[in-house]
Structure formats: structure tokens, C-alpha cells
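Numbering (my numbering), first residue to last: 8 to 340.
Positions of the beta carbon are idealized from the N, C-alpha and C atoms, including for glycine.
See below for the structure under consideration.
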Ligand code: KG4
Ligand code: ZN
């Protein structure tokens, strides 16, 4: 089944075409990073308007890249939440318009479901359930036990900031560019991660997370340190080590306690190479398979994961060709 996905829940406008939830035929993304760098964060109204400028050109590009026409597209998947309301509404309205024009059903998708499945996309070998999935981005920081492509149970979440948000705020404190994750990890390359012993909040306590104490400790270190590139690198490396230590240890602890076959790291923060390296090492020690999204485009918000989640959600109750397209209703959002 070939599904066209639309994602516009926050600051990425994205349209993708995916076959059978696994084969990415096109995954186009227009990032709003340059727009939001001016404000060091996302202004919801600005983000919502910026999506409207990109939908048509991304659709054209997705069809061109995949070498497909509307005859071959069987459904339209769209992120229905969670996200910024204005951004979601624009994506849903665009999907509804395409549905009316081309007569294809709409499949509403939960954004988090998309992230949860993103490390399975493109896998050539069989994914073995149950899986412990750590989904970390700027907006969420959750730990799930995933029992099938459509069944997942949240076992932990952040009590304050998400890890990506903490990376963004740490970067701001250090005077680095938005988004903070890539800036911190770049700065950390030449730093000494042992220079500052920052706290590892809630490391051995359950599966919830908290990053506010780490942020406060960081601000106290920055206040006392010389404002040099060398010191910034040491601080960035020490911050990254503290955050990644907590994330990786909780994931592996969950893997052993819930006796899973695989651990997956997904979401924007899964682009972090230090975090990947830690989880790879620890997963080998406990004998579980580690996966992260196959492509960096599948880490941050993208429509490939939305089209994939739609495939699995609708596998059981797919409308046969010729049926009246099922439009989503406001009540279902
Ligand atoms: O999934 P995503 O695109 O959007 C949300 O749903 O939030 O994730 C964006 C977040 C940002 O906070 C960004 O700083 C973080 O992912 N991020 C990273 C890296 N690349 C992006 N965090 C740590 N290391 C990275 N390399
Ligand atoms: Zn996201």
C-alpha cells in the first residue's frame, strides 16, 4: 500500500511517500530553523503560517522523486496531534483538500506513534518485539515498551523539560545556535566531558526523567567559567555526557527489566552520535539489538514516519477501493 504522509505539527513541513510502512519512496522536509533562529525558539503563529508556503512545492517534489502519480497513491496520512494547534490545523486542512480533489481517504496519525516506529522504517531484517523505545525530542521525552507495530505502553516520561529542550536551553546559555542539540554536540567534540561533574538527575529512580536540575547546575558552572571556546567545549561535553548518561542507562535498565529483544532510540535527539555510541555499547553488553532511524531525516520530524504509522494503524480496517473516502472529523483529533 502506497501512502502519502503530511507532517506539520511544529517547525518542519514535510511530505513523504512510503510503501507498506517500510520502503521510503520520497521523504521531503522543509525546515523552519532559519526562521526560528531569530527568536531562538518556535513562535507558534509564525510556524503555522510558514507551513502554508511549503506544502505545494513539497508535494510536487515528493511525486517527482518517487516517480509516482496520484493514480498510485492509495491514502493520505496526516499528523493529527500532538502539536501546535495552528500548525496541525494547516496540515489537516491541506490533507482534507487533497482528499477532496483526488478522492483518497485520510488516515489521522499520532505524531508520537510515528516517532516510535521510525527506527523500523527501511529495516530489511525482521523487527523482534517487544522493544524498549526511547523517544526523545524537543517536545517529548518518553520511554515505551512496544509490543507490536500498533501497541505501546508508556513506562516513563519527563517531569519537566524534554532532553532536546534541555539541549536547546543549554546551547542558548552558552551562546550557541538554535537548535541546541547539533550545536552542543559539535562544540563537545573538542571538549573534556570529565571536566565538570554535572548531576545525573533521577539516574537510578524509576523510568521518569528530569532535566531542570541539570540545567540549573549548568548555569552555575557557566557563571563561574571564563568565556573561552576551550571552556565552552568542556562545558558542552560535560553537559552532553550527563544528559546522555541518564538517557542511555534508563533505556538499558528498561530493556533488562522488561526482557525485550531490541532497544530503539528515536526522535530529534537520536541524531546525537555520542548517545548512539553509548547505547550501542550497553546494548551489546546485555545482548539486545540496537536500532536508530536509518537516515538522519527520520530522526527529526518527518512525514515518512507518519506514512509508516498510518500503514500499520489501518492494516486491519483498510477501506477497499471504491469505498467512500473516510474523512477525519474534528471529534477524532
Ligand atoms: O523530533 P524533533 O525534530 O522535534 C520535536 O518533536 O521536538 O526534535 C528536535 C529536537 C531539538 O530540541 C534539537 O535540539 C534536538 O532534537 N536535536 C538534537 C540533535 N539534533 C537535534 N539533540 C542532541 N543532539 C543532536 N545531534
Ligand atoms: Zn517530533
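Look at residue 115 here: in three-state DSSP terms it is strand. One residue after another in chain order, those with a Cβ under 5 Å from a heavy atom of the ligand KG4 are 144, 145, 146, 171, 174, 175, 186, 187, 188, 189, 192, 274, 275, 276, 278, 279, 307 and 308. For residue 246, the uninterrupted alpha helix (DSSP H) segment begins and ends at 236 to 264. Per DSSP, residue 226 is one residue of the alpha helix (DSSP H) stretching across 219 to 231. Straight-line measurement puts the Cα of residue 191 at about 36 Å from the Cα of residue 102. Between residue 244 and residue 199 a beta carbon distance of about 6 Å is seen, short of the 8 Å cut, so the two are scored as contacting.
Between residue 143 and residue 123, the CB-CB gap reaches or exceeds 7 Å.
Between residue 177 and residue 163, the C-beta gap is not smaller than 7 Å, which leaves the two residues out of contact. One Cα belongs to residue 257, the other to residue 110, and the distance between them is close to 46 Å.
Closest in alpha carbon position to residue 45, among 114, 135, 11 and 185, is 185.
Counting only residues of its own chain and dropping the five nearest sequence neighbours on each side, residue 241 has a CB closer than 6 Å to the CB of 198, 199 and 202.
Of the residues 85, 51 and 172, the one whose Cα lies closest to the Cα of residue 62 is 85. Taking C-beta separations shorter than 6 Å and ignoring five residues to either side along the sequence, the partners of residue 217 in its chain run 166, 167, 208 and 209, following chain order. Sorting 317, 309 and 301 by C-alpha distance to the C-alpha of residue 131 places 301 at the top. Counting the other Cβ atoms within 10 Å of the Cβ of residue 288 gives fewer than 16, which makes it exposed. Bridge partners of residue 270 according to DSSP: 139 and 297. Under the criterion of beta carbons closer than 8 Å, residue 16 and residue 91 qualify as touching, at roughly 7 Å. Fully enclosed alpha helix (DSSP H) runs of no fewer than 4 residues occupy 40 to 44, 51 to 73 and 92 to 109 of the region 34 to 114, in order along the chain. Each of 26, 72, 97 and 32 was checked against the Cα of residue 19, and the nearest Cα belongs to 97. Between residue 297 and the set 231, 137 and 236, the nearest pair of CA atoms involves 137. Judged by DSSP in its simplified three-state form, residue 133 adopts coil rather than helix or strand. Under the three-state reduction of DSSP, residue 307 is assigned to coil, being neither helix nor strand.
Runs of the beta strand (DSSP E) lying entirely within the region 146 to 185, each at least 3 residues long, are 148 to 153 and 159 to 163 in chain order.
Under the DSSP assignment, residue 22 falls in the beta strand (DSSP E) whose first and last residues are 19 to 26. Ranked by Cα distance from residue 221, the first of 189, 173 and 264 is 173. Between residue 129 and residue 276, the gap from beta carbon to beta carbon reaches 7 Å or more. Looking at the backbone, the Cα of residue 238 and that of residue 280 are separated by about 21 Å.
Spanning the alpha carbons of residue 99 and residue 179 requires a straight line of approximately 33 Å. When secondary structure is reduced to three states using DSSP, residue 205 falls in the coil class, being assigned neither helix nor strand.
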